[in-house]
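The structure appears below as C-alpha cells.
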Amino acid sequence: PEIGCLSIVVLGASGDLAKKKTFPALFNLYRRGFLQSNEVHIFGYARTKISDEELRNRIRGYLIKDKDASSAHSEDVSKFLQLVKYVCGSYDSDEGFQSLDKEISEYEVTKNSTEGSSRRLFYLALPPSVYPSVCRMIKRNCMNKSDLGGWTRIVVEKPFGKDLESAEKLSSQIGELFEEPQIYRIDHYLGKELVQNLLVLRFANRFFLPLWNRDNIANIQIVFREDFGTEGRGGYFDEYGIIRDIIQNHLLQVLCLVAMEKPVSLKPEHIRDEKVKVLQSVLPIRDEEVVLGQYIGYRDDPTVPDNSNTPTFATMVLHIHNERWEGVPFILKAGKALNSRKAEIRIQFKDVPGDIFKCHKQGRNEFVIRLQPSEAMYMKLTVKQPGLDMQTAQSELDLSYKQRYQGVPIPEAYERLILDTIRGDQQHFVRRDELKAAWEIFTPLLHRIDDGEFKPLPYTPGSRGPAEADELLAQAGYMQTHGY
Ligand code: BG6
27 PEIGCLSIVV LGASGDLAKK KTFPALFNLY RRGFLQSNEV HIFGYARTKI
77 SDEELRNRIR GYLIKDKDAS SAHSEDVSKF LQLVKYVCGS YDSDEGFQSL
127 DKEISEYEVT KNSTEGSSRR LFYLALPPSV YPSVCRMIKR NCMNKSDLGG
177 WTRIVVEKPF GKDLESAEKL SSQIGELFEE PQIYRIDHYL GKELVQNLLV
227 LRFANRFFLP LWNRDNIANI QIVFREDFGT EGRGGYFDEY GIIRDIIQNH
277 LLQVLCLVAM EKPVSLKPEH IRDEKVKVLQ SVLPIRDEEV VLGQYIGYRD
327 DPTVPDNSNT PTFATMVLHI HNERWEGVPF ILKAGKALNS RKAEIRIQFK
377 DVPGDIFKCH KQGRNEFVIR LQPSEAMYMK LTVKQPGLDM QTAQSELDLS
427 YKQRYQGVPI PEAYERLILD TIRGDQQHFV RRDELKAAWE IFTPLLHRID
477 DGEFKPLPYT PGSRGPAEAD ELLAQAGYMQ THGY
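First residue of the sequence shown? That's 27 in full-length UniProt numbering, and the numbers climb one at a time after it.
Spelled out as C-alpha cells, the structure:
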C-alpha cells in the first residue's frame with residue numbers, strides 16, 4: 027500500500043449514482059478495512075447548498091437499508107460518515123473548486139504527510155455534459171501539489187458520448203487535460219465477479235482451450251434482461267436507448283472477454299490491446315440482423331415524448347471477422363420490462379458429428395455463465411438416463427456460487443472498481459481506443475435509429491420481448507433448450 031493520505035472527491039454528491047452506488051461502495055471498502063480512517067477523507071461536492079450533516083443524513087439511508095441493522099453496523103456507518111465532508115460549488119466556477127482545493131489541502135496538511143504523498147481521486151458522478159468543464163476546473167485548481175509524489179486521478183462514468191463523433195470529442199477534451207493513465211472510465215460490468223472470472227476460465231482451463239473456436243462453437247449469446255421499465259429515469263433513457271445504455275458498453279465488454287485472444291500477460295495494456303483487436307474485427311451490423319422493441323406503456327412516462335422512437339429492447343447479431351470466430355454469430359440481447367431479471371452468457375456447441383444416439387434433438391452442449399442473479403456456471407450435457415434402458419437425457423454440471431462458496435461474500439462491482447482506481451490498476455477500465463472502436467461498431471445503426479429509419483416493435487411488459495427476436499435467434503442457429 028502507498029503511504030500518505032488519500033482524498034476521495036465525489037462530484038455530484040447529492041445525485042442518484044453517488045447515493046446508490048458510490049458512497050455505498052466506499053462504505054463497504056471502509057468496512058472491509060481498505061480505507062483507513064487515519065489516511066482517507068471523502069469530500070462530497072455539488073451545487074446544492076447543504077451542510078456536512080445534511081449530506082451525511084442523505085447518504086445514511088443508503089448505507090442502512092435494513093431497519094433491523096445491528097448496532098455495530100450503525101456504528102460503522104456513523105464512523106464512516108465522520109470521514110465525509112461537503113463542499114458546495116458549481117461545476118464551472120474556479121471559486122468552488124478553489125474552496126474544494128483549500129479543504130483538501132488543509133486535510134493533507136493535518137494528516138500528512140511530511141513523509142507521505144498526497145493522493146487525490148475525483149469521482150465524477152455527473153452527467154457527461156459537464157465532464158469537460160469539471161476536468162478543466164480540477165486541472166486548474168485541484169491537482170496534487172505535493173513534492174513528495176502521489177497522484178491525481180479522475181473516474182468517469184458512461185455514457186461517454188452518444189456516438190463516435192461526440193465520444194471522440196469528449197475524449198479529446200479530457201485528453202488535453204489528463205494523461206490516459208490518470209483517466210478511469212468505469213463500466214461496472216467489468217467489476218462483476220463472473221465477468222472477472224472469464225479470463226481465468228478461458229485461459230487457465232485445459233478443457234476450454236481447444237474448444238473455444240469456430241470448429242466447436244455454434245453460436246454465443248450475451249443476454250441482459252430486466253423485469254422493470256425505465257420509470258423514474260425516462261428522461262435520461264429516452265435520449266440514449268437500450269443500445270447506448272447496455273449493449274455498446276456492458277454487453278460489448280463481455281463479448282470482448284469471451285472472444286479475445288490470450289493476452290501476453292495480465293498487464294492492463296496487454297489485456298486491453300487484445301480487446302481492441304476484437305472490436306476492430308467486428309463487421310458492420312446488418313439491418314436484417316437487428317430487432318428493436320419498445321414496451322407498451324413506455325411513452326406514458328411524462329418525461330418521454332409521445333412519439334418516442336427509442337428502443338427499450340434490442341437483439342442483434344455481431345460477426346467477428348477473424349480466424350477464431352469467422353461464421354460464429356454473437357447474439358447480443360438486452361431489454362427492459364421483460365419477464366425476468368438476468369444477465370448471462372450462453373455458449374452453444376455444435377452437434378456431435380456422426381451422432382449414434384440421435385440425441386441432438388434433446389439439446390446441444392451448452393455452457394452457461396450466469397452473471398446475475400445468483401452467480402453460477404453450468405454445462406448442459408447429454409448423459410445416460412439412469413435405468414435399464416439406453417435412454418439419453420440432458421443434464422447439468424453445475425457450479426452454483428451460493429452452494430460452492432457458501433458464506434464467501436461477493437463484492438459489489440463498484441466496490442472492486444473503486445479499489446482498483448485507488449490502487450492504480452486499469453485492467454478493468456475502458457481505454458480510449460477501446461471506447462472509439464466500440465462506438466465505431468454501433469454508430470451507423472444508432473444514426474439510422476435516431477433518424478427514424480428503424481422503428482422499434484411494440485411488446486408487452488413482462489413478456490420475452492418481440493417474437494421477431496426469437497426468430498432472429500433461430501435464424502442465427504440458436505437451438506432452444508429446455509429452461510431457456
Ligand atoms: C446501468 C444502466 O449501466 O446498468 C441501467 O444505465 C441498468 O439501465 C444497469 O439498469 C444494470 O446494472 P446491473 O448491475 O443491475 O445489471
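Built from N, CA and C at the ideal position, the CB exists for glycine as well.
Source: prediction; values computed, not measured.
Asked                                                                                                        : Found
Assigned secondary structure, Q279 (DSSP; H/G/I helix, E/B strand, else coil)                                : helix
Inter-residue Cα distance where the pair is L397 and Y210                                                    : 23 Å
Strand pairing of T136, partner residues [DSSP]                                                              : DSSP output for T136 lists no bridge partner at all.
Cβ pair Q374, N245 closer than 8 Å                                                                           : yes
Straight-line Cα distance separating Q432 from L196                                                          : 44 Å
Contact check, I200 vs P158, beta carbons under 8 Å                                                          : yes
Minimum C-alpha distance to N446 - residue among G41, R270 and L61                                           : According to the sequence displayed, residue 446 carries Asp and not Asn. Cα-wise, what sits closest to D446 is L61.
Contact under 8 Å by Cβ, L498 with T341                                                                      : yes
Q108 classed as buried or exposed, judged by whether at least 16 other C-beta atoms fall within 10 angstroms : exposed
Minimum C-alpha distance to I395 - residue among I371, V226, K410 and V103                                   : I371
Inter-residue spacing [alpha-carbon to alpha-carbon] between P435 and L425                                   : 16 Å
contact_flag[the region 397-413, the region 254-272] where n(CB pairs < 8 Å) is 3 or more                    : no
Where T158 sits in the DSSP three-state scheme                                                               : Checking the displayed sequence, the identity of residue 158 turns out to be Pro instead of Thr. Three-state DSSP puts P158 in a helix.
N- and C-terminal bounds of the alpha helix (DSSP H) containing Y404                                         : Y404 -> not in any alpha helix (DSSP H); beta strand (DSSP E) instead, spanning A402 to K410.
R458 burial status per 10 Å Cβ neighbour count (16 or more: buried)                                          : buried
Environment of H67 [buried if 16+ CB atoms lie within 10 Å]                                                  : buried
Length at least 3, wholly inside the region 78-139: the beta strand (DSSP E) runs in chain order             : 110-114
Distance cut-off 7 Å: H67 Cβ against heavy atoms of ligand 1                                                 : no
Nearest-angstrom Cα separation, counted from L147 out to E65                                                 : 13 Å
C-alpha distance - P310 paired with A495, whole-angstrom precision                                           : 19 Å
heavy atom of ligand 1 below 7 Å from Q388 C-beta                                                            : no
heavy atom of ligand 1 below 7 Å from Q429 C-beta                                                            : no
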